[in-house]
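Q: My structure is below; once you've seen it, I'll send some questions.
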């Protein structure tokens with residue numbers, strides 16, 4: 004932690020130093036818990052900051068620097084897949100940490116903006132940034148999350164925070180080499196064949212290898228489409244065709260291989276789980292515009308998958324290929340094997356999302372909890388959609404607990420763990436029914452797939468809210484970070500209070516110059532985090 008400069012030029016001279024044997028200070032609440040009430044409160048009803056007079060407010064140049072920092076933080080979080088509410092909370096937390104209030108952040112699907120107007124007589128200062136190419140990078144998400152935690156805890160000056168953010172976004176090595184992401188896609192598709200088929204004989208492993216190769220081919224074709232700057236929709240159309248073509252060919256030979264399992268495994272590798280979870284979270288928290296845009300993105304990507312698969316399925320059915328699977332979706336044939344396959348699916352999904360290596364074990368454990376819950380409930384004759392929602396609720400609950408323990412975002416612990424519960428098999432049944440000329444059955448299966456996806460999204464959001472409900476914040480949302488006055492614990496030294504700038508503004512200027520000389524390297528006018536209270 005960087006040293007804070009106080010009156011008299013002595014770092015920490017005015018802080019409460021604990022006596023030997025004194026109890027440690029209470030750990031502050033995570034910044035999402037402190038900022039979420041502010042984000043959910045209308046601007047006119049938000050608490051007013053106290054403890055900083057007009058003389059302590061930063062000037063226009065400092066305010067512009069802080070607002071740019073908040074915009075860059077929001078851009079990084081939104082591009083990495085964070086929910087709109089937490090993105091606004093992070094931007095608000097950064098602005099408040101450097102005494103920029105009142106301010107109003109605004110987040111949409113491809114745009115982040117923030118506005119600051121110190122008084123009604125001052126002109127408003129507004130800035131915005133466009134998020135052009137969202138990318139799944141949960142390692143960067145975790146790093147930026149920790150940076151926001153350090154800023155809101157008062158550990159970084161604004162200049163140092165800008166340098167660290169630049170190092171995290173522009174000069175950062177990827178967590179995994181690019182060549183590793185290609186076999187991860189194949190592992191996801193191959194493990195999904197074991198998850199759906201539930202068998203471990205020689206033919207099942209041959210189907211595993213075929214699905215692995217088909218996923219590799221689809222991934223390379225999608226990369227070729229992206230290299231020519233074509234829309235992502237066409238990439239999904241092309242990526243869905245190899246698995247469907249190979250599965251149809253397998254159903255025409257005499258090896259009695261289940262080609263439908265290969266197609267289903269390919270669907271698991273392509274289903275857009277990350278934007279689906281983010282869309283549900285934004286819709287449930289009141290960000291309907293962003294939720295609608297993300298849901299529209301999911302629908303377009305799903306349409307690309309359906310077009311690619313159904314085109315090949317139509318040709319296969321015309322050639323008398325037997326594409327009807329042996330098992331119905333969601334059935335548990337071999338629980339230990341399917342549990343291991345579910346853990347492999349989650350592991351591969353986490354690598355594709357570029358999750359931090361230290362988080363992979365927790366993701367796999369969370370997926371095992373979710374899949375085991377789903378298997379036990381379905382064996383107990385519970386409706387699969389209900390079982391999916393309950394399993395997703397546990398995944399969200401444990402993901403939130405892990406995130407709180409590690410002081411990071413919950414998305415890396417949750418999104419990949421939902422991979423084994425994705426409705427890939429139900430979607431395949433629906434497309435096959437449409438191709439076979441059974442539109443009623445096709446609509447029924449597609450409706451089940453959509454209901455399962457919504458159960459996943461709502462369940463994981465509900466689990467996170469339950470975790471926050473029964474794990475209250477360790478500190479108040481609108482109080483100072485340091486204890487003060489009569490709430491000070493016994494055994495601490497008496498605190499030397501600073502003179503209020505409203506009564507004697509001159510010492511505030513002298514304090515700024517003394518603080519700069521004591522730090523030795525802090526430029527004049529640099530914005531520092533402040534401890535201000537709030538009152539309604």
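Residue numbers (the numbering used here): 4 to 539. Even for Gly, the Cβ is constructed at its ideal location relative to N, Cα and C. Predicted model only: the values in this text are computed from it and were never measured.
1) Inspect the beta-carbon positions of residue 154 and residue 100 and report whether they are closer than 9 Å.
2) Just to confirm, is the Cβ distance from residue 129 to residue 118 under 9 Å?
3) Going by beta carbon distance, what residues of the same chain come within less than 6 Å of residue 351, once the five residues before and after it are set aside?
4) What is the rounded straight-line gap between the Cα of residue 1 and the Cα of residue 37?
5) State the start and end residues of the unbroken alpha helix (DSSP H) segment that holds residue 212.
6) Within the present structure, is the beta-carbon of residue 429 separated from the nearest heavy atom of the ligand PLP by less than 8 Å?
7) From residue 122 to residue 104, what distance separates their C-alpha atoms?
8) In angstroms, rounded to a whole number, what distance separates the CA positions of residue 462 and residue 224?
9) Within the same chain, show all residues whose beta-carbon is closer than 8 Å to that of residue 446, passing over the 5 residues directly before and after it, in chain order.
10) Just verifying my parser: in three-state terms, what is the DSSP assignment at residue 418?
11) If I measure Cβ to Cβ from residue 85 and keep anything under 7 Å in the same chain, skipping five residues before and after, which residues do I get?
12) Report the residue from 140, 152 and 44 whose alpha carbon sits nearest the alpha carbon of residue 32.
13) Considering just the uninterrupted stretch of the alpha helix (DSSP H) at residue 116, what are its terminal residues?
14) Between the beta-carbon of residue 35 and the beta-carbon of residue 92, is there less than 9 Å?
15) Ignoring anything shorter than 4 residues, give me the alpha helix (DSSP H) runs that lie fully in the segment 357-390, in order along the chain.
16) If distances are taken between C-alpha atoms only, which option among 231, 422, 402 and 425 comes closest to residue 471?
17) How about the segment 359-368 and the segment 209-226: do they share at least three Cβ pairs that are nearer than 8 Å?
18) How should residue 437 be labelled, buried or exposed, when 16 other C-beta atoms within 10 angstroms of its C-beta is the threshold for buried?
19) Quick check: what's the CA-CA separation for residue 320 versus residue 439?
20) Tell me the DSSP bridge mates of residue 131?
21) Using CA atoms only, rank isn't needed, just tell me which of 233, 226 and 132 is closest to residue 242.
22) What does the alpha-carbon distance come out to for the pair residue 61 and residue 452?
23) For residue 309, decide whether its Cβ has a neighbour in chain B, counting only Cβ atoms nearer than 9 Å.
A: This is what the structure gives:
1) Cβ atoms of residue 154 and residue 100: closer than 9 Å.
2) yes
3) 187, 190 and 191
4) Outside the shown range of the chain (4 to 539) lies residue 1, about which nothing can therefore be said.
5) Here the alpha helix (DSSP H) through residue 212 covers 205-230.
6) This structure lacks the ligand PLP, and indeed carries no ligand of any kind.
7) Using only the alpha carbons, I get a separation of about 10 Å.
8) 34 Å
9) 433
10) Look at residue 418 here: in three-state DSSP terms it is coil, with no helix or strand label.
11) Cβ contact annotation for residue 85 (same chain, cutoff 7 Å, sequence separation greater than five): 144, 412 and 414, in chain order.
12) 152
13) From DSSP, residue 116 is part of no alpha helix (DSSP H) but of the beta strand (DSSP E) over 114-119.
14) Yes, the Cβ-Cβ distance between residue 35 and residue 92 is below 9 Å.
15) 363-382
16) 402
17) Flag = no, the segment 359-368 and the segment 209-226 do not touch.
18) buried
19) Taking the straight line joining both Cα atoms gives about 7 Å.
20) 116
21) 226
22) 53 Å
23) Protein chain content of the structure displayed is limited to a single chain, and chain B is not contained in it.
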